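Peer 1: Each position in the sequence shown, counted from 1, maps to that position plus 21 in my numbering. C-beta: ideal position from N, C-alpha, C; glycine also. None of these values were measured; they are calculated from a predicted model.
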Amino acid sequence: MNKVTLVGNVGREATMKSFENGKLASFTIATKETYTNRNNEEVINTTWHNLVAFGKVADVCERMVTKGKLVSIEGKLNYRSYKNKEDKVVYVTEIQVYKIEEVSKP
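Listed below in structure tokens is the structure:
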């Protein structure tokens with residue numbers, strides 16, 4: 022089963038593209054992992070994730086996704102590649118969002 026669940030802060034507004042058969046939203050979120058190292062120092066690791074959403078979920082993202090907002094997403098991990106203008110292969114890892122919800126901060 023390919024399922025991803027993340028809770029993080031939106032890094033940028035959703036970029037929207039329209040096609041004949043629907044919309045595409047793309048945006049990023051940052052997740053944090055905190056732990057204490059051997060020297061008893063708190064370490065915070067931030068990981069950035071690229072997200073895409075299609076159709077009705079893209080419509081929700083267009084309305085909801087604003088920079089800094091804490092969101093919860095469910096989706097699947099996608100890998101794809103394409104050739105850029107210099108004819109070099111670019112590899113992309115992204116999460117295709119199926120569900121997005123705003124999370125109220127504690």
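According to DSSP, is Ala79 helix, strand or coil?
Peer 2: For the purposes of this step, residue 79 is taken as residue 58 along the sequence shown, with counting starting at 1. Here Ala79 sits in helix by DSSP.
Peer 1: Kindly list the residues whose CB is nearer than 8 Å to the CB of Lys90, restricted to its own chain and excluding five residues on each side of it in sequence; keep chain order.
Peer 2: Position 69 of the sequence shown, counting from 1, holds the residue named residue 90. Excluding positions up to five away in sequence, the list reads Asn30, Val31, Glu123.
Peer 1: Report the option in Glu115, Ile121, Thr57, Arg33 whose CA atom is closest to the CA atom of Asn23.
Peer 2: Here the question's residue 23 lines up with position 2 in the sequence shown. Comparing Cα-Cα distances from Asn23 to each of Glu115, Ile121, Thr57, Arg33, the minimum goes to Glu115.
Peer 1: Considering only residues of the region 62-126, which uninterrupted alpha helix (DSSP H) runs meet the minimum length of 4 residues and lie entirely inside it, listed in chain order?
Peer 2: Correct list: 76-85.
Peer 1: Quick check on the burial criterion: 16 or more other C-beta atoms within 10 angstroms. Buried or exposed for Leu72?
Peer 2: For the purposes of this step, residue 72 is identified with residue 51 of the sequence shown, where counting begins at 1. Leu72 comes out buried.
Peer 1: Note down the Cα distance separating Thr49 from Trp69, rounded to an integer number of angstroms.
Peer 2: Against the sequence shown, residue 49 aligns to sequence position 28. Against the sequence shown, residue 69 aligns to sequence position 48. Between Thr49 and Trp69, the C-alpha separation is close to 7 Å.
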